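> Residue numbers are given in UniProt numbering: position 398 of the sequence shown equals residue 398, and the series is strictly consecutive.
Note that CB positions come from ideal geometry on N, CA and C, so glycine has one too.
Computed from a predicted structure; not experimentally measured.
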Amino acid sequence: MESRLAQCAALGQKDKAQAYISVLSDIFSRQDDNQAAQDIHSLVDHIVHQDSSTHVAGRQVLSELAKLLGGGAIKDDDLRKSVVNDSIELIKSRISYEDPANALRFQLADILEREEEWSDAARVLMSISLDSSQRAMSDEDKLQIYVRIVRLLLEDEDSVQAESYYNRAASLMHSTTNKETVLQFKLCQARISDYSRKFLEAASRYHELSWVGEIDEEERRQMLLAAVTCAVLAPAGPNRSRVLGSLYRDERVAELSTYNILSKMFLDHILRPAEIKSFEETLKPHQLAKIAISSNDRLASAANEEETSDRSVSTRTGPSTVLDRAVMEHNLLASSKIYNNITFRGLGALLDLTPGAAETMARKMIEQGRLRGSIDQVDKIIWFEGSREDDDAQGKAGGLGDVEEAEDTGAPFTKHWDMQIRTTAANVEVMVQHLVERGLVKATATMSH
């Protein structure tokens, strides 16, 4: 092999490329893949260490190598992976060979993705030079690479780095009309929102994608399931109420395992531990994020504790996870629609908190405009201000971070919509009755009923 390569190097520029390609063809024509791998290493190493006059021929030979490897010239996947990786290591330092190096990187990323080595595949794609001095890459090609990197990183739940590449992809979305790329970007967008615990955005995006016919039916079902999960965990309020309502009215949701908790949240029913436990088992690790109780809340809870020897009283001083907080605040708001008032101890028993911690949660929600009521600290009673059907009286449970104070909207659009439906139904009934009286239509059992 060494002597033949030396003969090729001694040829003129016109004949070098063809001579090296002939050597390459002979290497792949052998039956022994292991020997072929060794000879490929020798060939690539030889080309890389030639002077600059060989660069033109070298690019042609290395491009041919990438083409042959991509076409399955080496059948054994592990050996092919080794050869591709070895060739990249040999030529990556030479700028003049960027194009064949990038072609080999794409192949290596494909191999790693098939092996479900998500992060390794993403790192290989990250190493691709998108602004090659030899060939300008189009914005659409760059976008496809960025979206693929984001998808791979999210498979390994590396949402921090994924968001960085997602932002790069977002700046190039104007450059494509490719439906597949757009759908992949939207799915990445939903998953980024999910991992960032922007659950309301994630729920809306997952639900939107669940209607896309080009997506496989089972994947659409998974997106619908993800939409319900994120809606339950989202900070509530008018926006979450609309998302919950949209999902609740979606006939497909009734077939999901999470339908029960969705319907109870939408209808303001109190959630029981068994239901919560069942839902918790469906959550991903990032959806079970731990919540640190602030020192002020801890002190406030302790200061308001009753002196009691009752062992039945909970010792918990606050929610420990995102789901915990979502459920506790939901149950507190649901109880405000059932009771006129409740003692600190009674609320603590309902929420599985100490009486002081229950009072602290109610106080914060009243301060933020998320609960209508007042607190009598002398008698240790929380008084609820009636059972209004206001949007801002529905829980803003879940999510991370503070929730802005809600404006007292009174759900005017929902009430107006309901009134229009009632009015329309009444008008239709009057018209039908008028037609029946004139004998223009015959009354049926259903109509008379």
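1. Is D216 closer than 8 Å to S175 when the C-beta atoms are compared?
2. Where does N340 fall in DSSP's three states?
3. For E2 and A17, I'd like the C-alpha separation in whole angstroms.
4. Taking the beta strand (DSSP E) that I381 belongs to, which residues open and close that run?
5. Beta-carbon within less than 8 Å of I68's beta-carbon, same chain only, minus the 5 sequence neighbours each way: which residues are those?
6. Is any non-hydrogen atom of the ligand NAD found closer than 7 Å to the C-beta of Q222, if you look at the structure I gave you?
7. For the region 223 to 231 and the region 246 to 264, state whether three or more C-beta atom pairs, one from each stretch, are separated by less than 8 Å.
8. Contact between the region 6 to 20 and the region 54 to 65 is defined here as three or more beta-carbon pairs at a separation below 8 Å; is this criterion met?
9. In terms of alpha-carbon separation, which member of M223, K75, F185, D156 lies closest to R168?
10. In angstroms, rounded to a whole number, what distance separates the CA positions of S278 and V430?
11. Could you tell me whether the Cβ atoms of K290 and S314 are closer together than 8 Å?
12. At which residues does the beta strand (DSSP E) containing G373 begin and terminate?
13. Could you check which residue in H46, M365, E367, P355 has the C-alpha nearest to that of D379?
14. Rounded to whole angstroms, how far is the Cβ of L152 from the Cβ of A103, which I believe are closer than 8 Å?
15. Would you kindly work out how many angstroms separate the C-alpha atoms of A362 and A274, rounded to a whole number?
16. Which word fits G72, buried or exposed, when buried means at least 16 other C-beta atoms lie within 10 angstroms of its C-beta?
17. Straight-line CA distance for E385 to Q420?
18. Out of N178, L43, K92, E115, which has the shortest C-alpha to C-alpha gap to R105?
19. Which ranges does the beta strand (DSSP E) cover as unbroken runs of at least 3 residues, wholly within the region 198 to 230, from first to last along the chain?
20. Look up K290 in the DSSP assignment and give the residues it is bridged to.
21. With a threshold of 8 Å between beta-carbons, can S314 be considered close to chain B, or not?
22. Could you name the residues of the same chain whose beta carbon sits closer than 6 Å to that of A170, not counting the 5 residues immediately before and after it, in chain order?
Let's see:
1. no
2. coil
3. 17 Å
4. Per DSSP, the unbroken beta strand (DSSP E) holding I381 starts and ends at 381 to 384.
5. Position check: residue 68 holds Leu in this sequence, whereas Ile was assumed. Once the five neighbours on either side are set aside, the close Cβ partners of L68 are L24, F28.
6. You won't find the ligand NAD in this model; it holds no ligand whatsoever.
7. They touch, by the three-pair rule.
8. yes
9. F185
10. Straight through space, the alpha carbons of V430 and S278 are spaced by roughly 48 Å.
11. no
12. 373 to 376
13. P355
14. Incorrect: roughly 19 Å between the Cβ atoms, too far for contact.
15. Roughly 24 Å between the two C-alpha positions.
16. exposed
17. 28 Å
18. K92
19. For the region 198 to 230, not one full-length beta strand (DSSP E) segment reaches 3 residues or more.
20. T321
21. Among the chains of the structure shown, chain B does not appear; only one protein chain is present.
22. none
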